[in-house]
Amino acid sequence: MDGGGDGGRRPHAVFMAFGTRGDVFPIAALAAAFAQDQRQYGVVFITHSAHQSLSTHLADCNVRYMPVSSPPVLAAEQLESISCDSVQSNVEHDSFSQRKKTIQVEHRRECLSAVENVFGNDMSTHGDFIVINFFALEGWHLAELFQVKCIIAAPYFVPYSAPASFERQFKQSLPLLYKYFQEAPLNMVCWTDITHWMWALFMESWGSWRNDSLNLSPIPFTDPVTNLPLWYMREESPLLLYGFSKEIVECPDQYHTVGCFLNVQLLFTMLAEFLIIRYFRNSGSTAAALFAGIPQFYWAERLHWLGVAPEPLRRQHLILDTDNASSINNAADMLIGAIKSALSPEIKAQATRIANKLSSEDGIGEALRILKERVLPQIES
Numbered sequence: 019m020d021g022g023g024d025g026g027r028r029p030h031a032v033f034m035a036f037g038t039r040g041d042v043f044p045i046a047a048l049a050a051a052f053a054q055d056q057r058q059y060g061v062v063f064i065t066h067s068a069h070q071s072l073s074t075h076l077a078d079c080n081v082r083y084m085p086v087s088s089p090p091v092l093a094a095e096q097l098e099s100i101s102c103d104s105v106q107s108n109v110e111h112d113s114f115s116q117r118k119k120t121i122q123v124e125h126r127r128e129c130l131s132a133v134e135n136v137f138g139n140d141m142s143t144h145g146d147f148i149v150i151n152f153f154a155l156e157g158w159h160l161a162e163l164f165q166v167k168c169i170i171a172a173p174y175f176v177p178y179s180a181p182a183s184f185e186r187q188f189k190q191s192l193p194l195l196y197k198y199f200q201e202a203p204l205n206m207v208c209w210t211d212i213t214h215w216m217w218a219l220f221m222e223s224w225g226s227w228r229n230d231s232l233n234l235s236p237i238p239f240t241d242p243v244t245n246l247p248l249w250y251m252r253e254e255s256p257l258l259l260y261g262f263s264k265e266i267v268e269c270p271d272q273y274h275t276v277g278c279f280l281n282v283q284l285l286f287t288m289l290a291e292f293l294i295i296r297y298f299r300n301s302g303s304t305a306a307a308l309f310a311g312i313p314q315f316y317w318a319e320r321l322h323w324l325g326v327a328p329e330p331l332r333r334q335h336l337i338l339d340t341d342n343a344s345s346i347n348n349a350a351d352m353l354i355g356a357i358k359s360a361l362s363p364e365i366k367a368q369a370t371r372i373a374n375k376l377s378s379e380d381g382i383g384e385a386l387r388i389l390k391e392r393v394l395p396q397i398e399s
């Protein structure tokens with residue numbers, strides 16, 4: 019392929035990823051691979067300025083690095099200060115919430131500016147698209163603004179789930195839109211997509227940003243004038259590329275599990291070891307959760323099920339209800355047993371077997387194949 023269908027105009031591909039290194043680096047690797055494979059594209063990578071170390075490697079792969087100033091995670095002292103035990107802590111909480119809101123406003127402003135810098139000066143967006151991870155939902159709304167396709171790529175399963183009351187409240191507040199998704203034709207955006215991950219696009223904070231800054235309807239998939247569902251305009255179910263192995267996590271059939279985003283050449287030599295070490299810990303989302311003191315029950319149980327970790331310790335062995343000698347000794351014995359189990363020849367052998375299976379996977383190569391099959395043919399037509 020050459021310059022596309024607009025008189026030699028060079029199409030643009032924007033890759034946008036936010037979060038910690040485990041969230042961002044695999045998407046950077048995908049951007050680099052795409053730029054090397056599709057040289058007719060101008061490829062841009064938008065992420066936090068804290069990931070500045072990527073810029074040189076991306077430049078070597080003909081990818082333009084565009085930083086935004088927001089931090090990947092909140093500082094530990096900020097997290098620790100949030101408590102409701104006193105008037106003082108309430109003041110700190112209010113201050114923290116205001117600071118968080120200020121960061122969010124500036125973050126979204128910078129995202130809009132960056133994407134506008136790429137797409138804003140072109141009369142045509144033929145061939146253009148945006149790839150986002152689950153922490154870069156700004157990209158979905160910006161793709162709608164600039165009328166380009168949006169693809170989701172993630173090195174882990176959806177890191178958040180809808181509130182238990184989401185469907186009931188959605189049906190009550192937006193009955194016609196609920197019907198719109200429930201009656202969606204095959205392969206179009208449907209309620210399954212909404213409950214799987216797209217529910218987060220309907221949060222109130224997005225609505226105000228869409229309306230005030232993007233001049234879009236506050237609610238996705240509705241007419242900006244009437245606020246009614248776009249009955250006359252159905253969108254295809256978004257392409258979702260999961261960059262993990264089916265050996266590790268089961269995935270719904272309608273989504274693509276392409277295998278690990280772990281190609282040493284494409285992940286840059288300096289990053290490969292980091293990513294391989296962190297893969298089984300659900301990349302950066304787990305790191306951020308641990309940073310905030312949030313237990314990772316799913317991954318602890320999953321690793322035990324795979325045979326590469328001991329059975330997760332019970333709560334009473336981690337947080338003692340009493341401080342008597344018997345309870346302490348019992349908890350210590352359980353911890354010692356878990357460590358011995360983790361170091362056992364059986365677990366080491368199973369970890370080696372799974373590692374060998376993963377080493378044969380080329381998640382980035384498979385993701386590129388799907389992009390070329392599902393996105394680029396539509397662009398050429």
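Residue numbers (my numbering): 19 to 399. Positions of the beta carbon are idealized from the N, C-alpha and C atoms, including for glycine. In this text the structure is predicted, and so the values were computed from the model without any measurement.
Is the separation between the beta-carbon of residue i and that of residue j shorter than 8 Å?
i	j	result
residue 367	residue 328	no
residue 356	residue 331	yes
residue 206	residue 253	yes
residue 159	residue 228	yes
residue 79	residue 56	no
residue 150	residue 121	no
residue 217	residue 172	no
residue 232	residue 240	no
residue 52	residue 83	no
residue 123	residue 152	no
residue 259	residue 385	yes
residue 86	residue 144	no
residue 50	residue 41	no
residue 27	residue 142	yes
To the nearest angstrom, report how far apart residue i and residue j are at their CA atoms.
i	j	result
residue 210	residue 341	48 Å
residue 66	residue 157	14 Å
residue 33	residue 197	33 Å
residue 139	residue 48	26 Å
residue 388	residue 257	9 Å
residue 146	residue 134	13 Å
residue 81	residue 230	31 Å
residue 186	residue 61	41 Å
residue 91	residue 376	29 Å
residue 178	residue 38	16 Å
residue 199	residue 380	34 Å
residue 255	residue 76	30 Å
residue 59	residue 89	29 Å
residue 212	residue 220	9 Å
residue 226	residue 236	6 Å
residue 136	residue 167	14 Å
residue 69	residue 244	42 Å
residue 364	residue 358	11 Å
residue 390	residue 72	25 Å
residue 321	residue 371	14 Å
residue 203	residue 193	18 Å
residue 299	residue 383	Confidence is the limiting factor: at residue 299 the pLDDT is only 38, short of 50, which leaves the residue's position unreliable, though a coordinate-based value still follows. Distance between the alpha carbons of residue 299 and residue 383: 23 Å.
residue 317	residue 188	30 Å
Let's test the definition: count the other Cβ atoms within 10 Å of the Cβ of residue i and tell me whether it reaches 16, buried, or not, exposed.
i	result
residue 174	buried
residue 343	exposed
residue 103	Here the model assigns residue 103 a pLDDT of 44, short of 50, so the residue's position is not dependable, and the following value carries that caveat. Burial call: exposed.
residue 45	buried
residue 224	buried
residue 338	exposed
residue 238	buried
residue 351	exposed
residue 29	buried
residue 250	exposed
residue 117	exposed
residue 234	buried
residue 148	buried
residue 323	exposed
residue 261	buried
Indicate the three-state DSSP secondary structure (helix, strand or coil) for residue i in the structure shown.
i	result
residue 389	helix
residue 33	strand
residue 141	coil
residue 383	helix
residue 81	strand
residue 247	strand
residue 152	coil
residue 297	With a pLDDT of 40 at residue 297, under the threshold of 50, the modelled position of this residue cannot be trusted; read the value that follows with caution. Helix at residue 297.
residue 337	coil
residue 321	helix
residue 237	coil
residue 38	coil
residue 166	coil
residue 254	strand
residue 261	coil
residue 27	coil
residue 347	helix
Consider the Cβ of residue i: report whether some Cβ of chain B lies at a distance smaller than 8 Å.
i	result
residue 115	Any reference to chain B falls outside this structure, which holds one protein chain only.
Run the proximity test for residue i: is its beta-carbon closer than 7 Å to any non-hydrogen atom belonging to the ligand MG?
i	result
residue 198	Although the ligand MG was asked about, the structure shown includes no ligands whatsoever.
### Query
Could you give the uninterrupted runs of the alpha helix (DSSP H) lying entirely in the region 169 to 213, keeping only those of 4 residues or more?
The region 169 to 213 contains these whole alpha helix (DSSP H) runs: 184 to 191 and 193 to 200.
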